[in-house]
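Residue numbers (the working numbering): 17 to 159.
Each residue gets a CB set at the ideal place from its N, CA and C atoms; glycine is no exception.
Structure first, commentary second.
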């Protein structure tokens, strides 16, 4: 039984198409110009296809990056808010994890205010990056 990967020598192979147009000495200048123009259009089409592929990959990579950073910002925000609630409940009940817990009210107010502002700021920065305003990069910013 012959190997399926080796082509049968009796079967003619398809002609090899070269990306470089043949320089036929007997061809007229118009024919050579047409051949060169067709080759240039093929190269341009290949470049356009490659450009589209690279733009698509960039969009996919950017989407993945935004997803990962979004999850990270969400995780940090959740942990931060859990710490807020834990300290607030500890202050209210007077114990934290079985130990006596008392903080000055100004410290609690400062902590809750700054942590709330930080969480809101994180979300705003992330949302502005996730949904930029304007159609171009750097638009709407003072340079």
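**Prompt:** By the 10 Å Cβ neighbour count, where 16 or more other Cβ atoms means buried, how is residue 52 classified, buried or exposed?
**Reply:** The sequence position of residue 52 within the chain shown is 36, counting from 1. Counting Cβ neighbours within 10 Å, residue 52 comes out exposed, since fewer than 16 surround it.
**Message:** Using the three-state DSSP reduction, which class does residue 156 fall into: helix, strand or coil?
**Reply:** The sequence position of residue 156 within the chain shown is 140, counting from 1. Note that residue 156 has pLDDT 48, beneath the 50 cutoff, so the model's placement of it is unreliable and the number below is only indicative. The answer is coil: DSSP assigns residue 156 none of H, G, I, E or B.
**Item:** Cβ neighbour criterion (16 or more within 10 Å) applied to residue 107
**Value:** Start at 1 with the first residue of the chain shown, and residue 107 comes out as number 91. Burial call: buried.
**Prompt:** Would the C-beta of residue 63 count as close to the ligand PLP, meaning under 7 angstroms from any of its heavy atoms?
**Reply:** Absence of the ligand PLP is noted for the structure shown, with no ligands found whatsoever.
**Item:** Validate contact between the segment 130-145 and the segment 77-94 using beta carbons, cut 8 angstroms, 3 pairs
**Value:** yes
**residue 97 and residue 127 closer than 8 angstroms at C-beta** = Here residue 97 refers to the residue found at position 81 of the chain shown. Here residue 127 refers to the residue found at position 111 of the chain shown. Result no, Cβ atoms of residue 97 and residue 127 do not sit closer than 8 angstroms.
**Message:** Please report the distance separating the alpha-carbon of residue 66 from that of residue 129.
**Reply:** Locating residue 66 in the chain shown gives position 50, where the first residue counts as 1. Locating residue 129 in the chain shown gives position 113, where the first residue counts as 1. The C-alpha of residue 129 is placed about 51 angstroms away from the C-alpha of residue 66.
**Contacting residues, own chain, Cβ-Cβ under 7 angstroms from residue 71 (five flanking each side not counted)** = Taking the first residue of the chain shown as position 1, residue 71 is located at position 55. Excluding sequence neighbours, residue 71 sits near nothing in its chain.
**Message:** Using the three-state DSSP reduction, which class does residue 116 fall into: helix, strand or coil?
**Reply:** Counting from one through the chain shown, the residue named residue 116 turns up at place 100. Correct three-state label for residue 116: strand.
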